[in-house]
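Numbering (the numbering used here), first residue to last: 1428 to 1792.
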């Protein structure tokens, strides 16, 4: 029997959800306090799952009938040392169908010979691309190029290839849902669209961008023939977009039906408050917005996110998805995940963590 008072029913459901989460913490999940230690650079914590996938529906296949994605994530030894890279792995990189972090390896793992790409595993898989002897912005393009060649030659083909920074949050489920009806045989890329520098524009590298199998394969084969077939300015997002366009690849549209961005070039809070500065107006293909119209309900990626931000946003999205799904099983009201509620959850979690009241200042809707 369903209670007549919907507010009371919602409270009952939410209470049940909390009890379920606490119960599961004794098995596959640790408590929020334990998980938070790993997110905030505690190297002594090992094998802690930050997954929010299975809190309510542990047997649901989250990738069934969805395209496969290989992730290449740029990092460096300092971020590996402070566990920032590990945090990215635990929150979202492990949800890729396959992945490699690309970096100059920590000194104790570094090969003596840098003439070939070298792979190691320590908490997660890492590769040191061929010729990489220092971490420098001027070497970023070659760092990514040789990693692409390694992935192409070593692994089976994947439908899509995602390249991102290690200060990005990526929601892999939303990415796959976005890509599921798109052809991997078309040479095309998706991400946050800039309209400058490259003919027909390019994607910001920070939050990441995704290449179809056709785009990735064509570009990589050309680089295997001669690495100089692709430009090498050191600005990897510009160079990769330039190379894809050189071989007739296209830049796809990624905004939603209401013109809101799925990829965010700045932090979530920066886009919401509109404090990104005038430069973005001149760069962005789509006029930047602020407030609730800034961002799509099905966010895919966000740049400039601290480890706390990454975990908090993942939690905000997944809790809302699960609560609505459980609630809908009883009331059949068909509510959808919205950016409005994602943002409310995100700010509320920050207030709980910091004992602050940013929610009252920002959430007046």
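Just so you know, even glycine gets a beta-carbon here, dropped at the ideal spot from N, CA and C.
In the DSSP assignment, the beta strand (DSSP E) including residue i goes from what residue to what residue?
i            : result
residue 1498 : 1496-1501
residue 1760 : First-last for residue 1760: undefined, no H or E at that position.
residue 1529 : 1525-1529
Between the Cα of residue i and the Cα atoms of the options, which residue gives the shortest distance?
i            : options                : result
residue 1710 : 1629, 1671, 1788       : 1629
residue 1504 : 1639, 1537, 1661       : 1537
residue 1683 : 1715, 1724, 1698       : 1724
residue 1664 : 1687, 1632, 1646, 1671 : 1632
residue 1772 : 1753, 1754, 1738, 1688 : 1738
residue 1660 : 1565, 1768, 1728       : 1565
residue 1586 : 1693, 1760, 1494       : 1494
residue 1731 : 1751, 1518, 1634, 1512 : 1634
residue 1728 : 1752, 1713, 1702, 1695 : 1695
residue 1512 : 1678, 1576, 1714, 1596 : 1596
residue 1719 : 1713, 1649, 1766       : 1766
residue 1540 : 1528, 1680, 1498, 1560 : 1560
residue 1601 : 1550, 1712, 1523, 1615 : 1523
residue 1768 : 1749, 1655, 1651, 1676 : 1749
residue 1702 : 1690, 1721, 1712       : 1721
residue 1395 : 1763, 1590, 1782       : The first residue shown for the chain is 1428 and the last is 1792, placing residue 1395 beyond what the model contains.
residue 1606 : 1622, 1620, 1636, 1623 : 1636
residue 1498 : 1532, 1584, 1550, 1549 : 1584
residue 1533 : 1510, 1517, 1542       : 1510
residue 1686 : 1779, 1649, 1726       : 1726
residue 1502 : 1622, 1567, 1545       : 1567
residue 1619 : 1545, 1708, 1713       : 1713
Would you mind sorting residue i into buried or exposed? The rule is 16 or more other CB atoms within 10 Å of its CB.
i            : result
residue 1580 : exposed
residue 1697 : buried
residue 1450 : Confidence is the limiting factor: at residue 1450 the pLDDT is only 42, short of 50, which leaves the residue's position unreliable, though a coordinate-based value still follows. Residue 1450 should be labelled exposed.
residue 1598 : buried
residue 1594 : buried
residue 1530 : buried
residue 1706 : exposed
residue 1740 : buried
residue 1745 : buried
residue 1608 : exposed
residue 1757 : exposed
residue 1668 : buried
residue 1507 : buried
residue 1762 : exposed
residue 1760 : exposed
residue 1563 : exposed
residue 1551 : buried
residue 1625 : buried
residue 1471 : With a pLDDT of only 37 at residue 1471, under the threshold of 50, the placement of this residue in the model should not be trusted; the figure read from the coordinates follows. Residue 1471 is exposed by the Cβ-count criterion.
residue 1570 : buried
For the alpha helix (DSSP H) holding residue i, just list the boundary residues, first then last.
i            : result
residue 1673 : 1663-1673
residue 1516 : 1511-1518
residue 1649 : 1640-1652
residue 1696 : 1695-1700
residue 1707 : 1706-1710
residue 1508 : 1504-1508
What three-state label does DSSP hand residue i in the structure shown?
i            : result
residue 1723 : coil
residue 1691 : strand
residue 1677 : strand
residue 1684 : coil
residue 1745 : helix
residue 1777 : helix
residue 1543 : coil
residue 1468 : Reliability of the predicted coordinates at residue 1468 is poor, the pLDDT of 39 falling under 50, and the value obtained from them is presented with this limitation in mind. It is coil, neither helix nor strand.
residue 1492 : coil
residue 1658 : coil
At a Cβ threshold of 8 Å, is residue i touching chain C?
i            : result
residue 1770 : Chain labels in this structure do not include chain C; a single protein chain is all it has.
message = Ignoring anything shorter than 4 residues, give me the alpha helix (DSSP H) runs that lie fully in the region 1548-1635, in order along the chain.
response = 1567-1581, 1599-1606
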